[in-house]
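J.:
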Amino acid sequence: MSKRIEPELPSIMPDLDQVKDFKQSQTSSSKTPPTFDKNTAVHTAPAKSSGLALWLGIISILGLAAGGYMLHQQNLAMQAKLFASEQRIIELENALSATGEEMGESAGAIRAKLNAITERTDELWTQMDKLWASAWRRNQSEIKRLRNQTAALENTQKQQTKTQANSSSTLKSLSDNQADMTLKLSLLQEQVDAAQSIKTQLTAMSTDLDKLKSQSQGRDSKQLEIGSSIAQLEMTQSALVEQLERLESQLTSLASAPAQEKLN
Numbered sequence: 001m002s003k004r005i006e007p008e009l010p011s012i013m014p015d016l017d018q019v020k021d022f023k024q025s026q027t028s029s030s031k032t033p034p035t036f037d038k039n040t041a042v043h044t045a046p047a048k049s050s051g052l053a054l055w056l057g058i059i060s061i062l063g064l065a066a067g068g069y070m071l072h073q074q075n076l077a078m079q080a081k082l083f084a085s086e087q088r089i090i091e092l093e094n095a096l097s098a099t100g101e102e103m104g105e106s107a108g109a110i111r112a113k114l115n116a117i118t119e120r121t122d123e124l125w126t127q128m129d130k131l132w133a134s135a136w137r138r139n140q141s142e143i144k145r146l147r148n149q150t151a152a153l154e155n156t157q158k159q160q161t162k163t164q165a166n167s168s169s170t171l172k173s174l175s176d177n178q179a180d181m182t183l184k185l186s187l188l189q190e191q192v193d194a195a196q197s198i199k200t201q202l203t204a205m206s207t208d209l210d211k212l213k214s215q216s217q218g219r220d221s222k223q224l225e226i227g228s229s230i231a232q233l234e235m236t237q238s239a240l241v242e243q244l245e246r247l248e249s250q251l252t253s254l255a256s257a258p259a260q261e262k263l264n
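Just so we're aligned, residue 1 is where the sequence shown starts under the UniProt record's numbering, counting upward by one.
1) Since I believe Met-205 is in contact with Thr-170 (beta carbons under 8 Å), could you give me their beta-carbon distance rounded to a whole number of angstroms?
2) Quick check: does the Cβ of Val-241 come within less than 6 Å of any heavy atom belonging to the ligand COA?
3) Quick one: is Leu-71 buried, meaning 16 or more other Cβ sit within 10 Å of its Cβ, or exposed?
4) CA-CA distance, Gln-232 and Gln-191?
5) Applying the 10 Å Cβ sphere with the 16-neighbour rule, what's the burial state of Leu-188?
6) Determine the contact status of Leu-202 and Leu-251, defining contact as a CB-CB distance below 7 Å.
7) Could you check whether Lys-199 and Leu-254 sit closer than 7 Å to each other, using their CB atoms as the reference points?
8) Whole angstroms are fine: how far does the CA of Thr-99 sit from the CA of Gln-118?
9) What is the C-beta distance between Ala-195 and Glu-248, in whole angstroms, given that I count them as a contact (C-beta under 8 Å)?
10) Would you please state the rounded distance, in angstroms, between the beta carbons of Ser-229 and Leu-212? I believe it to be under 8 Å.
11) If we count the other Cβ atoms within 10 Å of its Cβ and call it buried at 16 or more, is Met-1 buried or exposed?
12) Between Ser-197, Leu-209, Ser-214, Thr-156, which lies nearest to Gln-243 when the distance is taken from Cα to Cα?
Spelled out as structure tokens, the structure:
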């Protein structure tokens, strides 16, 4: 509840300036003596005492008249001030009544605005509840969809992990096969080198045999020795040929082994 603001009423007491003016007027009236001629009084005193009494009576009458006039003026001033104060009171009462009416109207307007704000607030709360319910349902469906996507992604990740493990094992097997093939190729190269050396020896022996044959035709005395040498050379040649055939068969088997492994 808001506090009621009471209008401040000015005091009906007379202002300080008014009081000061009134006092000054009284002081000036009391201090102003009646004017009379001292020389005339002095010269006429020995002659006529009755004239002094007359003048004193006239002065008294004038003083009373002046005092009555001053009192009348003061009375008029006080009546004017009283009338002005009454008018001021009437104006203040009218202003107070108008202020009360305005305050009543303002209270009614404030009450109407408060009711409108309350209704608007209730309406906004209702709309907020509806929006919250709609958003909650929509979020629930979205959460369900995201959970399904997460489960699908987890399954995909598991499949990829399995595939990666299989790929790793396959790569390891291929690496082992490559090492085995490298070893076999090195052995095959050694055998090829040995076969090449045998071929070189056979070529040299064939050359020597041809030379011996040519020499045997020109030298009859050494025919028997040459014949035995030729026989020995032929035996050695036969042994080398057999060894070469064995190497070739091994080379063929080694060359066919990687192809079969690739097919498997």
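Even for Gly, the Cβ is constructed at its ideal location relative to N, Cα and C.
T.: To lay it out plainly:
1) Taking the first residue of the sequence shown as 1, we reach residue 170 at position 170. Taking the first residue of the sequence shown as 1, we reach residue 205 at position 205. Contact doesn't hold; Cβ gap of about 51 Å is too wide.
2) You won't find the ligand COA in this model; it holds no ligand whatsoever.
3) Here the question's residue 71 lines up with position 71 in the sequence shown. With fewer than 16 Cβ atoms within 10 Å of its Cβ, Leu-71 is classed as exposed.
4) For the purposes of this step, residue 232 is taken as residue 232 along the sequence shown, with counting starting at 1. For the purposes of this step, residue 191 is taken as residue 191 along the sequence shown, with counting starting at 1. Their backbone Cα atoms lie some 26 Å apart in a straight line.
5) Position 188 of the sequence shown, counted from the first residue, corresponds to residue 188. Flag for Leu-188 reads buried.
6) Translated into positions along the sequence shown, residue 202 becomes position 202. Translated into positions along the sequence shown, residue 251 becomes position 251. In this structure, Leu-251 does not lie closer than 7 Å to Leu-202 by Cβ.
7) Here residue 254 corresponds to residue number 254 of the sequence shown, with the count starting at 1. Here residue 199 corresponds to residue number 199 of the sequence shown, with the count starting at 1. It is not a contact, given that the beta carbons lie outside the stated cut-off.
8) For this step, residue 118 is matched to residue 118 along the sequence shown. For this step, residue 99 is matched to residue 99 along the sequence shown. The residue you asked about is not Gln; residue 118 is Thr in the sequence shown. About 28 Å.
9) Reading the sequence shown from its first residue, position 195 is the one you call residue 195. Reading the sequence shown from its first residue, position 248 is the one you call residue 248. That belief holds up - the Cβ atoms of Ala-195 and Glu-248 are roughly 7 Å apart, short of 8 Å.
10) As a position in the sequence shown, residue 229 is number 229, starting the count at 1. As a position in the sequence shown, residue 212 is number 212, starting the count at 1. About 6 Å separates the two Cβ atoms, so the contact holds.
11) As a first step, residue 1 must be located in the sequence shown, where it is residue number 1. Here the model assigns Met-1 a pLDDT of 42, short of 50, so the residue's position is not dependable, and the following value carries that caveat. Exposed, since its Cβ has fewer than 16 Cβ neighbours within 10 Å.
12) For the purposes of this step, residue 243 is taken as residue 243 along the sequence shown, with counting starting at 1. Measuring from the Cα of Gln-243, the nearest candidate turns out to be Ser-197.
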